[in-house]
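Q: Take 235 as the starting number for the sequence shown in this note's numbering and just add one per residue.
The structure under discussion is supplied below as structure tokens; questions concerning it will follow.
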Amino acid sequence: MKEVILNLAKGMMFLLLWAFSVCLLAQTVTVKGTVTDVKREPLIGVSVKIQGTAAGTVTDSEGNFTLSSVSSDAVLEISYIGMKTQIIRINGQANIEIVLEEDIETLAEVIAVGYGTQRKENLVGAVSAISGEEIQAVHSGDVTNAISGRLPGAIVMQPSGEPGRNEAKIMVRGRTTLGDNTGPLIVIDGIPDRSLYEIDPNDIESISLLKDASAAIYGSQAANGVVLVTTKSGSEGNWMSYTFYQGFKTPTILPKAANSAEYSQYISDYQDYEGLARLYSDKDIELYKSGIDPWEHPQTDWMSDLVRKWTNESNHHLSLSGSHNKMRYYASLGYRNDQAMYAQESTHYKQYNLRLKLDIPITDWLETSVSYGGFMTNRKYPTTPTYQLVGWASMVIPTQPSFWPTGEPGPDFEGGVNPVVNTSFEAGYDQQDNYKNEVTFRGTVKPEQIKGFSLNAFYTLDINNQNRKLFKKPWTLYYADWDNAERNSEGYVTKMELIPRKRGLDNPELTEANFRHIKKMYNISASYEKDFGDHAFSVFGAFEEIKTETHNFDAYRKYFISDLVQTLDAGGEKDKSNSGWMGIYARQSWIGRLNYNFREKYLFEFIFRRDGSLKFPPNSRWGNFPALLFAWRASEENFWKDHLSVIDYFKFRTSYGQMGMDPGDPFQYINKYSLGTGMTFGENKDVVTKIYQSVIANPNITWEKQTTFNVGFDSQILNQMFHLNTEFFYNKRSDILAARNASIPSYTGLALPLENIAIVDNRGFEIDAGFHKKITPVLGLDITGNFSWNKNTVVFMDEPEVAVPWQRATGLPYGSHLVYKAIGIFKDQAHVDSYPHWSGAKPGDVIFEDVSGDKVINADDRILLDKTDAPRIFYGLMIDLTYKNWSLSLQGQGQGSYYKSPIEGNRGIGMNV
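Structure representation (structure tokens):
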């Protein structure tokens, strides 16, 4: 697979060099021109660019411009705020006169929706959109982080900063279900379930976010919202582009720890207060402060030794686009290199992208296209997860050395662990390589005899191969030999032999795994649109089928003769194992959509989708997902134009629909049997594999369903100087798969199948506002911001009975945490005696609220927090200042408060954070 990608890359490089040579040989001319408005008034500061390049100029006070050394077949792009952009092919002309017409808008913008596009002015659903230029202006190698704060309704949270594992978690309008299945459906160029994280941002044309009933066209996969990505295609004119990005990263925040002197003083104060023998003398504390005795009184900053202050990431992108004899092509190569924040250089993430797209018109009525996406990623990590390493570093005390003064790694603090050493490859490595190939063939027929009718079909094949090699081995730490240390006249250690010891595993271990996923999909659709005077309608229908097949295999060995030979055959015969499994999935869909508008003032849209999933039994395999949407462009009414003309554009929208999800494992409607470990059987005591029933069937399992209601409006004010869009929504998710915990409590050890019983609702609002001003002909300012709020509530989930009502999760947001409520600190013994407390409480201890009022602090006094691990508030602000061909952009984003559990184990006396 790797060879295929490399060969394709070589082929593309040949194309690039060929195109470059053609460009060198092409005839060039000097182009002069004048740009005016329809009244023949010259326009100052108009942008005149050679399409596909960075070359360009702006018009002077007379509306004139000059471009030198321009290819005779170049294409000019002429743009000006408030005017319609013009695309003009030079065709060898030396003088060009250009007249720009007023553009009442951005409203002529075309937005991608499910299985098609719609003009923004006629959009009926709640859809947020962002252009590829806006994404690329963020200069991020990761699309998921580039959209954060820019798409109203999208809650973007990054769970980790570790390269290759820092894909942001996206939720659309918050959480609407139980569990972690909260991510939206990702659709790239019409193909669902492709990776948003691995696509190069420079290859993106636009992204749309379907948030309301408009997502129902994706039926059973749309309950969590839909992200639609359109990648770039070939364009008129031939051009080549290279983009390089170098970024630098620093930790946003790190746990704050006491230094050696502070820590030793705090511990001494505590021990004095408790009447305990002191661990540190006054002299020890002074030596920790002075730093003159690094061997016995080190000043260790574990976080600084674990994490560096700065690291870098880089991104290279080379693309070629153009046309020849009506055929359009686009090709690109991308490379991304991301380094981790560890001080010990180890973790890295490398990504290679190759994208090819050809649009080939066969005749005037038949068009075809083929596209290919190749992705190769190489990840390499320490064997210990980041959260655990940071947790360990937060627990280790600063009076213990991470490294000895001579550079050797210091002793362990617990179980052979030294967090700094464990960030390196001294303890082994976890290498993960991923190879993806995605191919799509498309065809479109537009019969000349039937104007407005088109027949479309596409077939796609996605193959994903993942290889993992997890090699663990003992590591070496060094321990002090205090008895043989050399000391100076003041008694401080100046030299000491260190004793090396192997820690961690007794023997090296190797696990190798291979994962292969194949997806085949085809879609056949037809569409027809027609205008009848004041009436316009369009209809769309499609049939779609998806089949997937997944294979997994892994093998394990230990007892290696040497950790230098890291192959399975070098391991011992004892304790070896291997396993494998296979999974299949299939879905068929009938899809329909009808759009109608009257005078482009009253707009209706009806969506219907019928999905059949292999996950469900025949009697409940098919689900129906309808939606109805309506919009009224009130600003087109005469009364509005006469009395409310200050508001240039106003559209009211509402929608109601139902979507679904088919989460969980397939075949839950039949009893499942699993293969168990061997057992002896018969007179010869032969070891045979046992088979046992692992899951009880649920013959009534079916779809999760989400009913959604949305009301909103879009507006533009004072000749588009301001815009204000708002949304109010309510979602109700029913038939969520959950266990009947009230019927069979978990402590019984019995397990019932999951059933469609739980209910969660979610409500909220969004605001998107902006200011747009052309200050001078060459200076423009755009300020846009968005704000969203949402809250979910568990309506029902069959939870077991609890001793006190305030510990019931039903009626609260999903993910609420059970905690004691701290209300203060005991000031003195009288204060302790006056209020219920834990046994042994003393002045200085935390006061916990006696919620039950029984004068006793126990488990019944815990309460469920209203906050969860997902914020309810999310907001973003963008400021763009443009001057001629220069631009300055500022972006800010933020979120409301949420609950985050402290680092596990980082509690109790003596911990250092």
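Backbone N, C-alpha and C fix where the C-beta goes; we use that ideal spot for every residue, glycine too.
CB-CB under 6 Å to M1031, same chain, minus the five flanking residues each way: which ones, in chain order?
A: A972 and A992
Q: Among P426, D969, M895 and M537, whose alpha-carbon lies nearest the alpha-carbon of I780?
A: Out of P426, D969, M895 and M537, P426 has the C-alpha closest to the C-alpha of I780.
Q: Provide the residue span of the alpha helix (DSSP H) that contains S494, from first to last.
A: S494 -> alpha helix (DSSP H) spans S494 to E508.
Q: In the structure shown, what three-state DSSP assignment does W716 receive?
A: helix
Q: Alpha carbon to alpha carbon, how far is Y479 from S440?
A: 20 Å
Q: Would V358 and A865 be called neighbours here (beta carbons separated by less than 8 Å)?
A: yes
Q: For N356, which residues in the same chain have their Cβ closer than 7 Å to its Cβ, ignoring the five residues on either side in sequence?
A: N831, E834 and L837
Q: Quick check: what's the CA-CA separation for F482 versus R974?
A: The alpha-carbon atoms of F482 and R974 are separated by roughly 50 Å.
Q: For a test of the three-state rule: what should DSSP assign to D1079, helix, strand or coil?
A: Of the three classes helix, strand and coil, the one that applies to D1079 here is coil, per DSSP.
Q: For chain B, find out if any of its Cβ atoms is closer than 8 Å to the Cβ of Q950; answer yes or no.
A: Any reference to chain B falls outside this structure, which holds one protein chain only.
Q: Who pairs with Y669 in a beta bridge, going by DSSP?
A: M610 and N699
Q: For the candidate residues T923, A931, I925 and D876, whose alpha-carbon lies nearest to that of F901?
A: Looking only at T923, A931, I925 and D876, the smallest Cα-Cα distance to F901 is reached by A931.
Q: Report yes if the C-beta distance between V1012 and V292 is below 8 Å; otherwise report no.
A: yes
Q: Using 8 Å as the Cβ pair cut-off and three pairs as the minimum, do the stretch 582-601 and the stretch 406-414 touch?
A: no
Q: How is P418 classed by DSSP in three states: helix, strand or coil?
A: Of the three classes helix, strand and coil, the one that applies to P418 here is coil, per DSSP.
Q: Would you tell me roughly how many angstroms separate the C-alpha atoms of S306 and P897, rounded to the nearest one?
A: 57 Å
Q: Going residue by residue through the stretch 376-416, where are the continuous beta strand (DSSP E) segments of at least 3 residues, counting only ones entirely within it?
A: Qualifying beta strand (DSSP E) stretches, in chain order: 388-391 and 403-406.
Q: Put K621 into one of helix, strand or coil per three-state DSSP.
A: Strictly speaking, residue 621 in this sequence is Tyr, with Lys absent from that position. Residue state, collapsed to three classes: helix.
Q: Please return the same chain residues whose Cβ sits closer than 6 Å to the Cβ of N722, not counting the five positions on each side in sequence.
A: T728
Q: Given this structure, state the Cα-to-Cα distance separating Y1132 from K560, to the nearest angstrom.
A: 54 Å
Q: With distances taken Cα to Cα, identify the nearest neighbour of N325 among I332, L310 and V333.
A: L310
Q: Using a threshold of 8 Å, state whether the C-beta atoms of P397 and D646 are closer than that.
A: no
Q: What is the rounded straight-line gap between the Cα of G525 and the Cα of V1029?
A: 60 Å
Q: Should L513 be labelled buried (16 or more other beta-carbon atoms within 10 Å of its own) or exposed?
A: exposed
Q: In this structure, how does DSSP classify E724 when only helix, strand and coil are distinguished?
A: coil
Q: My output table needs one value for W866: the three-state DSSP class, helix, strand or coil.
A: strand
Q: Could you tell me which of R967, F794, I332 and E917 sits nearest to I278, measuring between CA atoms?
A: I332
Q: By DSSP, does Y1054 sit in helix, in strand, or in coil?
A: coil
Q: Please state if the CB of I1107 and the CB of Q1129 are separated by a distance shorter than 8 Å.
A: yes
Q: Quick one: complete beta strand (DSSP E) runs, 3+ long, within the stretch 731-768?
A: 732-737 and 743-766
Q: Take every Cβ of the stretch 1094-1107, pair it with every Cβ of the stretch 1032-1049, and state whether three or more of those distances are shorter than 8 Å.
A: yes
Q: For D294, which residues of its own chain have a beta-carbon under 8 Å away from its beta-carbon, when the five flanking residues on both sides are left out?
A: I278
Q: Take the Cβ of K849 as the centre, count every other Cβ of all protein chains shown within 10 Å, and call the residue buried at 16 or more, exposed below.
A: K849 is buried by the Cβ-count criterion.
Q: Within 10 angstroms of its Cβ, does D1088 collect 16 or more other Cβ (buried), or is it exposed?
A: Flag for D1088 reads exposed.
Q: What number of angstroms, rounded off, separates the C-alpha of K706 from the C-alpha of H751?
A: 27 Å
Q: Do you know offhand how far A491's Cα is from G1019's?
A: Answer to the nearest angstrom: the Cα atoms are 37 Å apart.
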